[in-house]
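These protein sequences, in sequence, are chains A and B.
So the first sequence is numbered by the UniProt record's numbering: it starts at 1 and just counts up by one.
So the second sequence is numbered by the UniProt record's numbering: it starts at 1 and just counts up by one.
Even for Gly, the Cβ is constructed at its ideal location relative to N, Cα and C.
Quick caveat: nothing in here was measured; it's all calculated off a predicted structure.
There are 2 protein chains.
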Amino acid sequence: MDKQPDLCRVEDALGILVGKWKPIILLYLLQEGTKRFSELKRSMPGITQKMLTKQLRELEDEDIIERVVYPQVPPKVEYSISEYGRSLEPILEAMHEWGTKHTLHKMNKLNKKSM
Amino acid sequence: MDKQPDLCRVEDALGILVGKWKPIILLYLLQEGTKRFSELKRSMPGITQKMLTKQLRELEDEDIIERVVYPQVPPKVEYSISEYGRSLEPILEAMHEWGTKHTLHKMNKLNKKSM
DNA sequence: CCGAATCCCAGGCGATACTG
DNA sequence: CAGTATCGCCTGGGATTCGG
Chain A
1 MDKQPDLCRV
11 EDALGILVGK
21 WKPIILLYLL
31 QEGTKRFSEL
41 KRSMPGITQK
51 MLTKQLRELE
61 DEDIIERVVY
71 PQVPPKVEYS
81 ISEYGRSLEP
91 ILEAMHEWGT
101 KHTLHKMNKL
111 NKKSM
Chain B
1 MDKQPDLCRV
11 EDALGILVGK
21 WKPIILLYLL
31 QEGTKRFSEL
41 KRSMPGITQK
51 MLTKQLRELE
61 DEDIIERVVY
71 PQVPPKVEYS
81 ISEYGRSLEP
91 ILEAMHEWGT
101 KHTLHKMNKL
111 NKKSM
């Protein structure tokens with residue numbers, strides 16, 4: 001199964017970003033700083049509690065985000081990007097930039113067809 | 001960089017790289033230049049013809065790779081990274097670099113536990 | 001040699017309801 | 001408020017077979 005181990009490290013990074021809501025969560029926390037669960041949920045229309053919990057857990061397991069529980073009633077849990085997680089920021093920015101260009105690229109392609 | 005969730009284009013880039021064999025295909029073609037179908041298949045133990053064809057088609061549809069068919073018997077089809085596709089190289093390199101560090105990060109984490 | 005067509009399964013994702 | 005628990009759909013990926 002082992003191919004060239006050194007060539008396949010791309011997938012380790014990819015695996016962390018893949019997930020329907022992970023890029024959104026990461027960009028949001030990078031932008032807004034620390035947020036509690038309900039704030040995250042409110043800012044992502046369409047996500048269910050289950051999915052938000054799951055994606056947050058997975059990011060936490062990889063040490064990308066930090067989770068702080070305040071033992072009180074009602075409960076309060078805050079999430080934030082870890083110092084380590086910030087090392088992903090350049091990659092996210094590069095992908096966002098490339099994605100923006102690619103969207104234009106596809107639009108040009110469609111326009112050519114209809115002309 | 002616009003980080004509003006609804007304007008986030010990270011997923012456009014992500015969608016192109018996601019696919020079990022796509023990073024491998026891209027890195028291979030970036031390194032080796034033009035290759036024919038059978039060479040690609042031979043270099044990726046475990047991939048089926050169907051999957052290789054599918055992943056190549058998807059990359060071709062996004063103009064990331066180029067496909068040249070030589071009308072002869074037996075058939076010969078060559079694949080290569082397009083000029084446009086090369087714009088993904090910095091991202092792949094960044095992810096590879098990050099992935100390498102992350103692998104170390106996880107190893108350190110495991111070592112701490114067992115000490 | 002290249003790839004399309006078919007069948008199949010696991011897991012990601014979602015809707016909904018329940019709990020401390 | 002911040003989660004679990006259950007159920008079910010849908011799609012990516014794989015084995016196999018057929019065709020030009």
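Let me see if you follow: with CB-CB separation under 9 Å, is residue i close to chain B or not?
{"i": "A:Val69", "result": "no"}
{"i": "A:Lys109", "result": "yes"}
{"i": "A:Tyr84", "result": "yes"}
{"i": "residue 116 of chain A", "result": "With chain A covering only 1 through 115, there is no way to say anything about residue 116 of chain A."}
Please check if any C-beta of chain A sits within less than 9 Å of the C-beta of residue i.
{"i": "B:Gly99", "result": "yes"}
{"i": "B:Ser114", "result": "no"}
{"i": "B:Thr48", "result": "no"}
{"i": "B:Pro5", "result": "With a pLDDT of 47 at B:Pro5, under the threshold of 50, the modelled position of that residue is not reliable, and no figure is offered here."}
{"i": "B:Leu56", "result": "no"}
{"i": "B:Leu88", "result": "yes"}
Going along chain B, which residues have a C-beta under 7 Å from residue i?
{"i": "A:Leu92", "result": "Val10"}
For residue i, which residues in chain B fall below 8 Å Cβ to Cβ?
{"i": "A:Met51", "result": "Per Cβ cutoff of 8 Å: no residues; A:Met51 is ~14 Å from chain B at best."}
Quick test of your reading: residue i and residue j, contact by CB under 8 Å. State the CB separation rounded to the nearest angstrom.
{"i": "A:Arg9", "j": "A:Glu78", "result": "In fact, because the Cβ distance is near 32 Å, the residues do not count as touching under 8 Å."}
{"i": "A:Leu14", "j": "B:Leu17", "result": "6 Å"}
{"i": "A:Leu40", "j": "A:Leu88", "result": "Incorrect: roughly 18 Å between the Cβ atoms, too far for contact."}
{"i": "B:Thr34", "j": "B:Ser80", "result": "4 Å"}
{"i": "A:Glu58", "j": "A:Gly19", "result": "7 Å"}
{"i": "B:Pro23", "j": "B:Leu110", "result": "Rounded, the Cβ-Cβ distance is 25 Å, inconsistent with contact."}
{"i": "B:Leu56", "j": "B:Ile47", "result": "Not really, about 11 Å apart at Cβ, beyond 8 Å."}
{"i": "B:Ala94", "j": "A:Pro90", "result": "7 Å"}
Closer than 8 Å: is that where the CB of residue i sits relative to any heavy atom of the ligand NAD?
{"i": "A:Pro74", "result": "Absence of the ligand NAD is noted for the structure shown, with no ligands found whatsoever."}
Chain A contacts made by the region 7-41 of chain B, where a contact means CB separation under 7 Å: Contact residues of the region 7-41 of chain B toward chain A are Cys8, Arg9, Val10, Glu11, Asp12, Ala13, Leu14, Leu17, Val18, Pro23, Ile24, Leu27 (C-beta to C-beta distance below 7 Å).
Minimum length 4: unbroken alpha helix (DSSP H) runs contained in the UniProt domain "HTH hxlR-type" (8-107) of chain B: Within the UniProt domain "HTH hxlR-type" (8-107) of chain B, the complete alpha helix (DSSP H) runs of at least 4 residues fall at 10-17, 22-32, 37-43, 49-61.
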